[in-house]
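Chemist:
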Amino acid sequence: MARLTLSKAQLARERAALDMYRRYLPSLDLKRRQLMAERKRTEVRIVTLREEEALRVDGIGAEIPMLADTRIDLNGLATLKSVRLGERNVVGQRVPVVENIEVDIAPYGRLTRPHWVDLVATRLKEVLRIRVEMQVAAREIVLLDGAITKVTQRVNLFEKVLIPRAETNIRRLGIALGDMERSAVVNSKIGKRKREATGA
4 MARLTLSKAQ
14 LARERAALDM
24 YRRYLPSLDL
34 KRRQLMAERK
44 RTEVRIVTLR
54 EEEALRVDGI
64 GAEIPMLADT
74 RIDLNGLATL
84 KSVRLGERNV
94 VGQRVPVVEN
104 IEVDIAPYGR
114 LTRPHWVDLV
124 ATRLKEVLRI
134 RVEMQVAARE
144 IVLLDGAITK
154 VTQRVNLFEK
164 VLIPRAETNI
174 RRLGIALGDM
184 ERSAVVNSKI
194 GKRKREATGA
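For what it's worth, my numbering labels the leading residue of the sequence shown as 4, then goes sequentially.
The following block contains the structure:
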(Lines of atoms letter the chains of each structure in order from A and count residues from 1; the text may use other names and numbers.)
(Lines give C-alpha, C1' and ligand atoms only; values in the text may rest on other atoms or scores of the structure.)
Protein backbone atom coordinates (compact mmCIF):
# COMPACT_ATOMS: atom_id res chain seq x y z
CA MET A 1 0.00 0.00 0.00
CA ALA A 2 1.38 3.39 -1.00
CA ARG A 3 2.22 5.90 1.69
CA LEU A 4 -0.32 8.66 2.16
CA THR A 5 0.74 12.22 1.63
CA LEU A 6 -0.49 14.12 4.66
CA SER A 7 -2.15 17.03 2.92
CA LYS A 8 -5.57 18.51 2.38
CA ALA A 9 -5.18 17.85 -1.36
CA GLN A 10 -4.71 14.14 -0.65
CA LEU A 11 -7.77 14.19 1.60
CA ALA A 12 -9.80 15.80 -1.19
CA ARG A 13 -8.56 13.13 -3.65
CA GLU A 14 -9.52 10.33 -1.26
CA ARG A 15 -12.99 11.81 -0.74
CA ALA A 16 -13.47 12.18 -4.51
CA ALA A 17 -12.36 8.56 -5.03
CA LEU A 18 -14.75 7.35 -2.33
CA ASP A 19 -17.63 9.27 -3.93
CA MET A 20 -16.80 7.74 -7.32
CA TYR A 21 -16.63 4.20 -5.88
CA ARG A 22 -19.99 4.66 -4.14
CA ARG A 23 -21.49 6.02 -7.36
CA TYR A 24 -20.29 3.10 -9.53
CA LEU A 25 -20.98 0.27 -7.09
CA PRO A 26 -24.80 0.26 -7.49
CA SER A 27 -24.56 0.14 -11.30
CA LEU A 28 -22.09 -2.76 -11.13
CA ASP A 29 -24.36 -4.60 -8.72
CA LEU A 30 -27.35 -3.96 -11.00
CA LYS A 31 -25.37 -5.32 -13.97
CA ARG A 32 -24.54 -8.46 -11.99
CA ARG A 33 -28.20 -8.99 -11.07
CA GLN A 34 -29.30 -8.47 -14.68
CA LEU A 35 -26.73 -10.99 -15.92
CA MET A 36 -27.87 -13.49 -13.29
CA ALA A 37 -31.51 -12.98 -14.29
CA GLU A 38 -30.61 -13.53 -17.95
CA ARG A 39 -28.70 -16.68 -16.99
CA LYS A 40 -31.78 -17.94 -15.13
CA ARG A 41 -33.97 -17.24 -18.20
CA THR A 42 -31.51 -19.16 -20.37
CA GLU A 43 -31.54 -22.11 -17.94
CA VAL A 44 -35.35 -22.16 -18.10
CA ARG A 45 -35.17 -22.03 -21.91
CA ILE A 46 -32.78 -25.01 -21.94
CA VAL A 47 -35.15 -27.00 -19.69
CA THR A 48 -38.06 -26.10 -21.98
CA LEU A 49 -36.06 -27.14 -25.06
CA ARG A 50 -35.11 -30.46 -23.41
CA GLU A 51 -38.75 -31.15 -22.61
CA GLU A 52 -39.74 -30.21 -26.15
CA GLU A 53 -37.06 -32.52 -27.57
CA ALA A 54 -38.17 -35.41 -25.35
CA LEU A 55 -41.78 -34.78 -26.34
CA ARG A 56 -40.86 -34.80 -30.05
CA VAL A 57 -38.64 -37.90 -29.81
CA ASP A 58 -41.09 -39.85 -27.64
CA GLY A 59 -44.00 -38.58 -29.70
CA ILE A 60 -42.57 -39.90 -32.96
CA GLY A 61 -42.99 -43.49 -31.77
CA ALA A 62 -46.56 -42.91 -30.64
CA GLU A 63 -47.45 -40.84 -33.69
CA ILE A 64 -45.80 -43.14 -36.21
CA PRO A 65 -45.84 -46.73 -34.92
CA MET A 66 -44.69 -47.86 -38.36
CA LEU A 67 -41.14 -46.78 -37.38
CA ALA A 68 -40.76 -50.22 -35.83
CA ASP A 69 -40.42 -51.59 -39.37
CA THR A 70 -36.63 -51.89 -39.63
CA ARG A 71 -36.74 -52.71 -43.34
CA ILE A 72 -37.18 -49.03 -44.17
CA ASP A 73 -33.80 -47.27 -43.92
CA LEU A 74 -34.11 -43.78 -42.45
CA ASN A 75 -30.40 -43.17 -41.83
CA GLY A 76 -29.27 -39.82 -43.17
CA LEU A 77 -32.83 -38.71 -43.87
CA ALA A 78 -32.31 -35.34 -42.16
CA THR A 79 -28.89 -33.70 -41.81
CA LEU A 80 -27.87 -30.33 -40.50
CA LYS A 81 -26.71 -28.23 -43.46
CA SER A 82 -25.86 -24.88 -41.86
CA VAL A 83 -26.41 -22.74 -38.81
CA ARG A 84 -26.17 -18.97 -38.95
CA LEU A 85 -25.54 -17.32 -35.60
CA GLY A 86 -25.93 -13.70 -34.68
CA GLU A 87 -25.17 -11.86 -31.49
CA ARG A 88 -27.21 -9.96 -28.98
CA ASN A 89 -26.08 -7.68 -26.23
CA VAL A 90 -26.98 -8.63 -22.67
CA VAL A 91 -25.85 -5.79 -20.42
CA GLY A 92 -22.56 -5.41 -22.26
CA GLN A 93 -21.96 -9.13 -22.80
CA ARG A 94 -22.26 -10.41 -26.37
CA VAL A 95 -24.06 -13.77 -26.53
CA PRO A 96 -24.87 -15.93 -29.56
CA VAL A 97 -28.37 -16.20 -30.93
CA VAL A 98 -29.61 -18.57 -33.65
CA GLU A 99 -30.64 -16.62 -36.73
CA ASN A 100 -31.17 -19.45 -39.18
CA ILE A 101 -30.92 -23.22 -39.26
CA GLU A 102 -30.92 -25.15 -42.51
CA VAL A 103 -31.65 -28.86 -42.45
CA ASP A 104 -31.31 -30.98 -45.56
CA ILE A 105 -33.84 -33.71 -46.14
CA ALA A 106 -32.26 -36.42 -48.25
CA PRO A 107 -34.14 -37.00 -51.47
CA TYR A 108 -36.14 -40.19 -51.45
CA GLY A 109 -38.56 -41.71 -53.88
CA ARG A 110 -42.08 -40.81 -52.87
CA LEU A 111 -43.36 -43.97 -54.48
CA THR A 112 -40.69 -46.29 -53.11
CA ARG A 113 -41.05 -45.27 -49.47
CA PRO A 114 -44.21 -45.12 -47.37
CA HIS A 115 -46.12 -41.85 -46.93
CA TRP A 116 -45.26 -41.56 -43.22
CA VAL A 117 -41.57 -40.93 -44.06
CA ASP A 118 -42.57 -37.31 -44.80
CA LEU A 119 -43.77 -36.92 -41.21
CA VAL A 120 -40.60 -38.55 -39.86
CA ALA A 121 -38.48 -36.11 -41.90
CA THR A 122 -40.44 -33.16 -40.49
CA ARG A 123 -40.04 -34.41 -36.92
CA LEU A 124 -36.30 -35.04 -37.38
CA LYS A 125 -35.92 -31.51 -38.73
CA GLU A 126 -37.65 -30.14 -35.60
CA VAL A 127 -35.44 -32.23 -33.28
CA LEU A 128 -32.27 -31.02 -35.05
CA ARG A 129 -33.42 -27.40 -34.66
CA ILE A 130 -34.10 -27.93 -30.94
CA ARG A 131 -30.68 -29.55 -30.40
CA VAL A 132 -28.87 -26.66 -32.11
CA GLU A 133 -30.80 -24.15 -29.99
CA MET A 134 -29.84 -26.09 -26.83
CA GLN A 135 -26.15 -26.03 -27.81
CA VAL A 136 -26.28 -22.28 -28.45
CA ALA A 137 -28.10 -21.73 -25.14
CA ALA A 138 -25.43 -23.80 -23.35
CA ARG A 139 -22.75 -21.58 -24.92
CA GLU A 140 -24.72 -18.55 -23.74
CA ILE A 141 -24.67 -19.92 -20.19
CA VAL A 142 -20.86 -20.27 -20.35
CA LEU A 143 -20.45 -16.68 -21.58
CA LEU A 144 -22.88 -15.32 -18.98
CA ASP A 145 -21.07 -17.23 -16.22
CA GLY A 146 -17.80 -15.61 -17.29
CA ALA A 147 -19.39 -12.15 -17.31
CA ILE A 148 -21.03 -12.73 -13.91
CA THR A 149 -17.69 -13.82 -12.44
CA LYS A 150 -15.94 -10.73 -13.80
CA VAL A 151 -18.62 -8.32 -12.55
CA THR A 152 -18.77 -10.07 -9.16
CA GLN A 153 -15.00 -9.64 -8.82
CA ARG A 154 -15.38 -5.93 -9.55
CA VAL A 155 -18.25 -5.58 -7.05
CA ASN A 156 -16.13 -7.34 -4.42
CA LEU A 157 -13.15 -5.12 -5.25
CA PHE A 158 -15.27 -2.01 -4.68
CA GLU A 159 -17.10 -3.33 -1.59
CA LYS A 160 -14.25 -5.09 0.18
CA VAL A 161 -11.10 -3.26 -0.91
CA LEU A 162 -11.47 0.17 -2.50
CA ILE A 163 -14.29 1.64 -0.39
CA PRO A 164 -12.92 0.42 2.99
CA ARG A 165 -9.40 1.55 2.02
CA ALA A 166 -10.65 5.02 1.02
CA GLU A 167 -12.67 5.30 4.26
CA THR A 168 -9.61 4.27 6.31
CA ASN A 169 -7.39 6.74 4.44
CA ILE A 170 -9.91 9.56 5.00
CA ARG A 171 -10.03 8.76 8.73
CA ARG A 172 -6.23 8.62 8.99
CA LEU A 173 -5.82 11.85 7.03
CA GLY A 174 -8.49 13.57 9.11
CA ILE A 175 -6.78 12.56 12.35
CA ALA A 176 -3.29 13.44 11.08
CA LEU A 177 -4.36 16.81 9.64
CA GLY A 178 -6.29 17.60 12.84
CA ASP A 179 -3.21 16.75 14.92
CA MET A 180 -1.04 18.93 12.66
CA GLU A 181 -3.47 21.86 12.98
CA ARG A 182 -3.61 21.52 16.77
CA SER A 183 0.15 21.27 16.88
CA ALA A 184 0.46 24.40 14.74
CA VAL A 185 -1.96 26.28 17.03
CA VAL A 186 -0.09 25.13 20.15
CA ASN A 187 3.27 26.09 18.58
CA SER A 188 1.97 29.53 17.60
CA LYS A 189 0.66 30.10 21.14
CA ILE A 190 3.99 29.01 22.62
CA GLY A 191 5.79 31.28 20.15
CA LYS A 192 3.47 34.17 21.02
CA ARG A 193 4.10 33.70 24.75
CA LYS A 194 7.87 33.60 24.19
CA ARG A 195 7.68 36.77 22.13
CA GLU A 196 5.56 38.43 24.76
CA ALA A 197 7.93 37.23 27.51
CA THR A 198 11.05 38.53 25.70
CA GLY A 199 9.35 41.73 24.63
CA ALA A 200 8.24 42.58 28.18
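Every residue gets a Cβ at the ideal spot worked out from N, C-alpha and C, and that includes glycine.
Computed from a predicted structure; not experimentally measured.
Check Gly64 in the structure and name its three-state DSSP category.
Modeler: By 1-based counting over the sequence shown, the position of residue 64 is 61. In this structure, Gly64 counts as helix in the three-state DSSP scheme.
Chemist: So Val154 and Leu58 are supposed to be a Cβ contact under 8 Å. How far apart are they, rounded?
Modeler: On the sequence shown, residue 154 is found 151 positions in, with the first residue counted as 1. On the sequence shown, residue 58 is found 55 positions in, with the first residue counted as 1. Contact between Val154 and Leu58 does not hold, since their C-beta atoms are separated by about 36 Å, which reaches or exceeds 8 Å.
Chemist: Quick check on Ala212: buried or exposed, where buried means 16 or more other Cβ atoms within 10 Å of its Cβ?
Modeler: An answer regarding residue 212 cannot be provided, because it is not within the stretch 4 to 203 covered by the chain.
Chemist: When burial is assigned at 16 or more other CB atoms within 10 Å of the CB, is Ala234 buried or exposed?
Modeler: Lying outside 4 to 203, the shown extent of the chain, residue 234 is not represented and no answer is given.
Chemist: Taking Cβ positions, are Leu2 and Val98 nearer each other than 8 Å?
Modeler: What the structure shows of the chain is the stretch from 4 to 203, and residue 2 is not part of that stretch, so it cannot be assessed.
Chemist: Which of the three DSSP states is assigned to Ser30 in this structure?
Modeler: Within the sequence shown, the letter at position 27 stands for residue 30. Three-state DSSP puts Ser30 in a helix.
Chemist: Going by alpha carbons, who is nearest to Asn103 out of Ser30, Lys43, Lys11 and Arg87?
Modeler: Translated into the one-based positions of the sequence shown, residue 103 becomes position 100. The shortest Cα separation from Asn103 among Ser30, Lys43, Lys11 and Arg87 belongs to Arg87.
Chemist: Can you give the beta carbon distance from Arg42 to Ala140, rounded, assuming they're within the 8 Å contact cut?
Modeler: Residue 42 sits at position 39 when you count from the first residue of the sequence shown. Residue 140 sits at position 137 when you count from the first residue of the sequence shown. With a Cβ gap of about 11 Å, Arg42 and Ala140 do not count as contacting.
Chemist: In whole angstroms, what is the alpha-carbon distance linking Tyr24 and Ala15?
Modeler: The residue labelled residue 24 in the question sits at position 21 within the sequence shown. The residue labelled residue 15 in the question sits at position 12 within the sequence shown. Each residue's alpha carbon lies about 14 Å from the other.
Chemist: Measuring CB atoms only, is the segment 164-180 touching the segment 115-125, in the sense that at least three cross pairs come out at less than 8 Å?
Modeler: Too few Cβ pairs lie closer than 8 Å, so no.
Chemist: Can you find the residues in the same chain that come closer than 8 Å, C-beta to C-beta, to Lys192, ignoring five residues on each side of it along the sequence?
Modeler: For the purposes of this step, residue 192 is taken as the residue at position 189 of the sequence shown. Here the set comprises nothing.
Chemist: Which whole-angstrom value describes the C-beta separation of Ile133 and Leu28, a residue pair presumed to lie in contact below a C-beta threshold of 8 Å?
Modeler: Taking the sequence shown and counting its residues from 1, the one referred to as residue 133 is at position 130. Taking the sequence shown and counting its residues from 1, the one referred to as residue 28 is at position 25. That pair is no contact at about 41 Å.
Chemist: Can you give the Cα-Cα distance for Leu253 and Leu131, rounded to whole angstroms?
Modeler: With the chain running from 4 to 203 in the structure shown, residue 253 is simply not present.
Chemist: Which residue's Cα is closest to the Cα of Ser10: Lys197, Glu184 and Lys195?
Modeler: Taking the sequence shown and counting its residues from 1, one reaches residue 10 at position 7. Of the listed residues, the one whose Cα sits closest to Ser10 is Glu184.
Chemist: What's the C-alpha gap between Lys163 and Leu31?
Modeler: The residue you call residue 163 lines up with position 160 of the sequence shown. The residue you call residue 31 lines up with position 28 of the sequence shown. So the two alpha carbons sit approximately 14 Å from each other.
Chemist: Over the uninterrupted beta strand (DSSP E) stretch that includes Asn103, give me the two end residues.
Modeler: One-based indexing of the sequence shown puts residue 103 at position 100. Taken as a continuous stretch (DSSP letters only), the beta strand (DSSP E) holding Asn103 covers Gln96 to Ile108.
Chemist: Give the range of the beta strand (DSSP E) segment to which Asn92 is assigned.
Modeler: The residue given as residue 92 occupies position 89 in the sequence shown. Residues Ala81 to Val93.
Chemist: Just to confirm before moving on: does the CB-CB distance between Leu7 and Gln13 stay below 8 Å?
Modeler: Taking the first residue of the sequence shown as position 1, residue 7 is located at position 4. Taking the first residue of the sequence shown as position 1, residue 13 is located at position 10. Result yes, Cβ atoms of Leu7 and Gln13 sit closer than 8 Å.
Chemist: On the premise that Gly89 lies in contact with Val106, defined as a C-beta separation below 8 Å, what is that separation, rounded to the nearest angstrom?
Modeler: Here residue 106 is taken as the residue at index 103 of the sequence shown, counted from 1. Here residue 89 is taken as the residue at index 86 of the sequence shown, counted from 1. At roughly 18 Å, the Cβ-Cβ gap does not stay under 8 Å, so Val106 and Gly89 are not in contact.
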